[in-house]
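Position in the sequence shown counted from 1, then plus 292, gives you this note's numbering. Below you'll find the structure, written out as structure tokens, and then a few comments.
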Amino acid sequence: MGLDVQDVGGEMATVQYIDWYKNRRLHGELRHVPPAEYEALHAMAYPVTATLETS
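The following block contains the structure:
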């Protein structure tokens with residue numbers, strides 16, 4: 293019960309699409325930068341200053 297060539301090709305296409313969608317696609321609502329880049333810039337501009345402790 294292994295993967296055949298079509299399954300692997302479909303998985304690669306999915307991985308490539310997700311990579312493009314998060315890392316290369318220019319998003320108009322995010323000042324025309326890729327979502328991953330915008331998220332990194334946002335994290336640097338607004339660092340987390342508190343943590344939640346659980347018991």
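Glycine included, every Cβ here is placed at the ideal spot set by N, Cα and C.
Mind checking who residue i pairs with in its DSSP beta bridge?
i, result
"residue 325", "319"
Whole-angstrom Cβ separation of residue i and residue j, contact assumed at under 8 Å?
i, j, result
"residue 318", "residue 330", "Residue 318 to residue 330, Cβ: 10 Å. No contact."
"residue 328", "residue 314", "5 Å"
Figure out for me which residue from the options has the closest Cα to the Cα of residue i.
i, options, result
"residue 326", "332, 334, 335, 316", "316"
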